[in-house]
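Structure first, commentary second.
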Amino acid sequence: MGLTRKDVLKLAGASAGAAAVGRLGLAGAGALPQPEAMAQASVLGSDSIITRDVAVIGGGATGTYAAIRLRDMGKSVAVIETADRLGGHTHTYTDPATGGKVDIGVIVWHELPIVRDWFARFDVPLEKASFDSPGMVSKYVDYRTGKEVTGYTPSDPSAALGAYAAQLAQYPYLEAGFDLPNPVPPDLLLPFGDFVKKYDLGAVVGTIFNFGQGLGDLLRQPTLYVFKNFGLDILRNLQVGFLTTARHNNSELYEKARAELGADALLRSRVVATDRDAAGYANILVQTPSGLKIIRAKKLVVTIPPKLDNLFGFDLDATEAGLFAQFGNSAYYTGLLRNTGIPDNMAVTNIGQGTAYNLPSLPGVYSISPSGIPGLHQVKYGSPYQLSETSVKADILAGVKRLRTAGTVDTRTPEFAVFSSHSPFELTVPTGAIKSGFYKKLGALQGRNRTFYTGAAFHTHDSSLLWQFTEALLPRIAA
């Protein structure tokens, strides 16, 4: 039975946090059950129905790449993105005083043909990234006390990186996804701290921790996830050099992709309900700034983190819901601070006093470092679990204050010029699930219920490698 217009308005206002997993009868408070929600298609006029070959859920790195490439392959697309921009973790701040730009999300990419071709398609020039900052002063501080860590100097990881690379070389398939053998190699299931001890790799821990920000509690993570994050191509790029944009505006790529997609990019929009059982296509009910729309698509490409509370409105079956329910996640936050009192050429890195490998305690600041714009400092913060933005900001400000209280740096009371949550970040499952074939079952979802998946949960938090993963999947999506 169809819904009244009053019902449609009620549906449009339903809380995005309410889970509406209709096939399982898991409709949350304030959400209409899935069948009733989709029955309103007869209420909406033809001008509210968008017919496309593929609907892409999420406009981050993988969603944008998938959408543009599918169009190149002759397919019509619609991208559904909750933010007011494309790019996801790629976030660029423009300083109103100087016009200078600072990337506070994705900073670099791999030196790979797919990366160069992708940027060249939008006429965005690339250059080798430089991590050298002449005149940089570094302080190594335990942010719990604000005091400098006595006797600390960064270790030389060179020899340990070679030994680490020898271990990675045993698992080349990790560079392409989660196609794990059965049984899963025992070393991949070890907590990384145990793996480090087993192979005497302590000198590389600090390097991996700093590079793999967002992994949460590094030493407790299964080695599998560390290898995925800090893999063979990362080691290669440490030698040949990473890429960044010559105009130092990493969001330019996504601005140009947005212009090309035009009305096919539905920004500030969210999925309200889906029906993937419709004959010949899937129906996706979407709340957009201009009202409710129905997207009729032959296939879906889901690029958002597949956690149940992030899949509001999806008609998940028992297999899908059972797998996605197992995901936990870490959290990662970035921003820019004004008026810190920290000199423009000073980086203050969080180092644990008396901790294993001097790793800082998390939740906590990774570092506060120069942005390249006078008066602005970058801040990076991580946690093994999700936190409110309010609590993260408060902890950052408290850490800056402790630097002054301890007499380490004469800081002031700063304010946030911009703050960005990149959470949920690393999606992981328990070791037992990995051992019992979780990732084989996850991979088997590709194509099920007209739906394909890409994004970090299916590979790793690395735009370059995700573009390769997505490119390999495109022939199946376009078939």
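Quick note, the working numbering runs 1156 ahead of the 1-based positions in the sequence shown.
Glycine included, C-beta positions come from ideal geometry on N, C-alpha and C.
Unbroken alpha helix (DSSP H) run spanning residue i, endpoints
i	result
N1366	1361-1367
T1607	Element bounds for T1607: not the alpha helix (DSSP H) but the beta strand (DSSP E), 1607-1609.
V1396	1388-1396
I1270	1269-1277
Y1410	1408-1417
E1476	1474-1480
Where the beta strand (DSSP E) through residue i begins and ends
i	result
L1456	1447-1458
N1514	No beta strand (DSSP E) contains N1514, which DSSP labels as neither H nor E.
A1635	It is not in any beta strand (DSSP E) - A1635 carries neither H nor E in the DSSP assignment.
L1282	1282-1284
A1589	Where A1589 is concerned, there is no enclosing beta strand (DSSP E), although the alpha helix (DSSP H) it sits in stretches over 1587-1591.
Y1299	Careful: Y1299 lies outside any beta strand (DSSP E) and carries neither H nor E.
F1572	1571-1577
S1520	Inspection of the sequence shows that residue 1520 is occupied by Gly rather than by Ser. That run of the beta strand (DSSP E) goes 1520-1526.
K1257	1257-1259
L1371	Careful: L1371 lies outside any beta strand (DSSP E) and carries neither H nor E.
Local conformation of residue i per DSSP, three classes
i	result
N1338	coil
L1357	coil
Y1488	strand
E1545	helix
L1630	helix
L1182	Per-residue confidence for L1182 stands at a pLDDT of 34, beneath the threshold of 50, marking its modelled position as unreliable; the derived number appears in the next sentence. Correct three-state label for L1182: coil.
Q1326	coil
E1331	helix
D1431	strand
G1508	coil
A1187	Residue placement at A1187 cannot be trusted, given a pLDDT of 46 that sits under 50; the coordinates are not used to answer.
Rounded straight-line distance, which links the Cα of residue j to that of residue i
i	j	result
G1214	I1460	5 Å
G1611	E1331	14 Å
K1454	R1426	19 Å
N1605	P1337	26 Å
P1333	A1223	It is Gly, not Pro, that sits at residue 1333 in the sequence shown. Taking the straight line from one Cα to the other gives about 20 Å.
V1258	G1469	36 Å
G1603	I1633	8 Å
T1580	R1568	The amino acid at residue 1580 is misidentified as Thr; the sequence shows Pro. Rounded to whole angstroms, P1580 to R1568 spans 31 Å at the Cα level.
I1440	D1203	15 Å
S1592	V1305	43 Å
S1577	G1491	9 Å
Q1377	G1256	38 Å
P1462	L1630	19 Å
Cβ-Cβ separation, residue j to residue i (assumed contact under 8 Å), whole Å
i	j	result
I1451	Y1296	That belief does not hold up - the Cβ atoms of I1451 and Y1296 are roughly 52 Å apart, past 8 Å.
D1420	V1235	6 Å
Q1369	Y1488	6 Å
A1316	L1357	5 Å
V1504	I1524	5 Å
H1245	G1219	Going by Cβ atoms, the distance from H1245 to G1219 rounds to 12 Å, so no, they are not a contact pair.
V1210	V1457	6 Å
T1444	L1422	5 Å
T1363	P1313	4 Å
Please give the ranges of any beta strand (DSSP E) in the region 1196-1250, keeping only runs that are unbroken, at least 3 residues long and fully inside the region. 1205-1213, 1233-1236, 1248-1250
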